[in-house]
Structures are given as C-alpha cells and as structure tokens.
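Engineer: Shown below is the structure under consideration.
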DNA sequence: AAACCTATATAGCCATACTATGTAAATCAG
DNA sequence: CTGATTTACATAGTATGGCTATATAGGTTT
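Chains as they are written, first to last, in our numbering: chain A, 3 to 147; chain B, 3 to 147.
Encoded structure:
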C-alpha cells in the first residue's frame, strides 16, 4: 500500500467532506443532502427498488424507507408496484421531483460560484476530470443494467 | 454564469457527497465525520477558539461547543484559557487526539483502497491536483495567520 | 456610564443515520 | 408438496449532528 496513494485517499476524503460542509452552509442547508442525493440517483439510474436505492445511496434500507416516505409525502417520488415481486416497490421521481432537483442544483451552483470564481480553465479541466474519475469509482450502478 | 461552470460545480458536489457516503459505509462510520474533521483542522491550523473552530469546520458555534465537550471527555482535545480574552477558550488537540486522527486516516485509506485500486498514475495525478484546488478554495484559514 | 458587540453555554427541535425486529413473499432443498 | 431459508420492506428505538433561539457575561465603543 503506497504511502502516496494512502495520503491521496485521505486528502481526497477530507476535501470532499469540507466541500459538502461549505455547500451546506452556503445554501443554508435548505434541502437536506439525503433528499437530493436520492433524487439525483433516481434521475440518473431510473426507478429503483427501495433496497437498491438504499444501496445506491449508501444508506441502510430502513433509512431509505423513511426517506422515501417523506419524499412521497412531498410528491417528489412515487411508488410503482413491482410486477416481478409482489413484496417490492419501484420508486420513481415525479416531474415535481425533477424540477425540485434542478432548482436545487441551480441554487447550489449559484451559492458555490463565488467560491470557485477564480478557477482557471486548466483548473476547471482538472476538476472535470477528477469528477469523472470519482463518478466511475463511486458508481451507483452495481449490476449490469 | 457559464452553464459549463455551473454543471461542473453541481457534479463536483454530487461526487463529493457520494464519496463521503462511500467512506462512511466502508469504514462503518466508526468515527463520526464531525470528529475527525475537527481534529484535522486543529492539526493543520493549531489551537483555535470555539467560535473560530466552528467557522473553520462550517458549523454553528453551539454545534461546535457540544462537539468540543464530547472531544474533551474523550481526551482528544483540551482547553486552554485564552489570556487575551477571559470569555474565550482555545481548543487544542491532545497527543491522544493526534493518534486517533492518524488511526482514522489510516483506516479510511485502507477502506477506500480497493475502490481506487485501479487508479492509473495519470488519474492519481489528476486527483492530487483536484485535491489541491479544493483545499485552496475551501481553506479553513479565514484570516491572516 | 450606557449602549453595543462578542464569546460561549444551554435548550429545544429535526433529520439522518444505525441496529434490531417483525411481517410476508419468494426461493430452495428434500 | 412441505419445511427451511432467504429476501423485501416496514416499524421501533437510539444516537448524533446539525440548526435556531436564548441566556450569561466579558469586552469595546460612544
């Protein structure tokens, strides 16, 4: 285990977490991270079962059950009975949920914009590439689509 | 506000938050993020007042007060009366806290190692540069040292 | 001296996260 | 087919991190 790699992973997480706190304070935490994280996954991955959604969001199933209940009350998601398994539900995002997610993403970008206002094109490119690497390695798709 | 920049910031946060959840589950969340985030700041920035520590950690002062109480009980930090202001405390990390932070960082790196095992040298470099950019832009040092 | 600002502690509330458990459907083995 | 096992989701309980509001008291300014 190379020390350099270890150090990179440590620093990566520290930075990631600081960034999430910066974002939380700048946006006033008006929309909880768990909400938009879940809506985001539903947008990119399509409708998912509660358990699969929990795995994709990296929380336990009971946590996701409660979150889905809340999201359904807010009409941000809806439930579809899974025809393949009568125990299961598919959870899908509503148009209202899609709009809410878009609004949140815009609000987030606006709040963070001043922080990263001085990014050079090179720096932007580096961050874009880093995001791509992270997306691949924290992919929410765990099985063949 | 360029759409491309906006999209980058959105994706950056989404990725950051996913990464923190991946880390939380892989490490079993044995040490709360708020703890190591605070210890990390004390390590890099030296002893700080409660309010300053709160600002650096991006939480409110009462939140930090409680966290410091907990950390002090665990003997991970200690308090120093601020000679410049009798209302204030300086919070400093203990050797035990330093050890705990190092252990946590090692544990984190080990847990994340398999996730990023296939990183190429180029990708590592990109992530290192990205971390550097993020560190500059989420700096905890808000005033001249 | 009074007004105002600042530093920290306490109180109360909410949401996210976990583990444990329960109910019921689906699958597997004999 | 039956029983055992696994799986999917809901409920219950707990801990904690985060917030806002407020209180106490020291420090600074007018």
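Where is the CB? At the ideal position from N, CA and C, for every residue including glycine.
Around the C-beta of residue 82 (chain B), are 16 or more other C-beta atoms found within 10 angstroms, so that it is buried, or is it exposed?
Structural biologist: It counts as exposed.
Engineer: At 8 Å on the CB atoms, spell out the chain A contacts of residue 72 (chain B), in chain order.
Structural biologist: Ordered by position in chain A, no residue passes the 8 Å Cβ test against residue 72 (chain B), which lies about 18 Å from the chain.
Engineer: Should residue 119 (chain B) be labelled buried (16 or more other beta-carbon atoms within 10 Å of its own) or exposed?
Structural biologist: Exposed is the call here.
Engineer: So is residue 140 (chain B) buried or exposed if we call it buried at 16+ other beta carbons inside 10 Å?
Structural biologist: The residue is buried, with at least 16 neighbouring Cβ atoms inside 10 Å.
Engineer: What's the C-alpha gap between residue 80 (chain A) and residue 96 (chain A)?
Structural biologist: Taking the straight line from one Cα to the other gives about 6 Å.
Engineer: Less than 7 Å separating the beta-carbons of residue 60 (chain A) and residue 23 (chain B)?
Structural biologist: Yes.
Engineer: Quick one: give me the first and last residue of the alpha helix (DSSP H) that residue 36 (chain B) is part of.
Structural biologist: Where residue 36 (chain B) is concerned, the enclosing alpha helix (DSSP H) stretches over 35 to 47.
Engineer: Judging by CA-CA distance, which residue of B:84, B:41, B:98 and B:87 is the nearest neighbour of residue 70 (chain B)?
Structural biologist: Of B:84, B:41, B:98 and B:87, the residue nearest in Cα terms is B:41.
Engineer: Does any CB atom of chain A fall closer than 7 Å to the CB of residue 109 (chain B)?
Structural biologist: So no, residue 109 (chain B) is outside the interface.
Engineer: Compute the Euclidean distance between the alpha carbons of residue 132 (chain A) and residue 125 (chain B), then round it to the nearest angstrom.
Structural biologist: Answer to the nearest angstrom: the Cα atoms are 8 Å apart.
Engineer: Give me the Cβ distance between residue 14 (chain A) and residue 114 (chain A), rounded to the nearest whole Å; I'm assuming they're in contact under 8 Å.
Structural biologist: Going by Cβ atoms, the distance from residue 14 (chain A) to residue 114 (chain A) rounds to 18 Å, so no, they are not a contact pair.
Engineer: Taking 7 Å as the CB-CB limit, is residue 78 (chain B) close to chain A?
Structural biologist: No, residue 78 (chain B) lies away from the interface with chain A (no Cβ there is under 7 Å from its Cβ).
Engineer: Name the DSSP bridge partner or partners of residue 83 (chain B)?
Structural biologist: DSSP output for residue 83 (chain B) lists B:91 as bridge partner(s).
Engineer: Once you ignore the five residues that flank residue 66 (chain B) on each side, which residues in its own chain have a CB closer than 8 Å to its CB?
Structural biologist: Same-chain partners within the cutoff: 40, 52, 53, 55, 56 and 59.
Engineer: Check residue 50 (chain A) in the structure and name its three-state DSSP category.
Structural biologist: Correct three-state label for residue 50 (chain A): strand.
Engineer: Does the separation of the CB atoms of residue 90 (chain A) and residue 49 (chain A) fall below 7 Å?
Structural biologist: Their beta carbons are not under 7 Å apart, which means residue 90 (chain A) does not touch residue 49 (chain A) by this criterion.
Engineer: Report the neighbours of residue 130 (chain A) on chain B: residues whose CB is nearer than 7 Å to its CB, in chain order.
Structural biologist: Neighbours of residue 130 (chain A) on chain B, chain order: 10.
Engineer: Counting only beta-carbon separations shorter than 7 Å, does residue 27 (chain A) have a partner in chain B?
Structural biologist: By this cut-off, residue 27 (chain A) is an interface position.
Engineer: Residues of the stretch 87 to 107 of chain B with a CB closer than 8 Å to any CB of chain A: list them in chain order, please.
Structural biologist: Within the stretch 87 to 107 of chain B, the qualifying residues are 107.
Engineer: Mapping the DSSP letters down to three states, classify residue 30 (chain A) as helix, strand or coil.
Structural biologist: Residue 30 (chain A) falls in the coil class under three-state DSSP.
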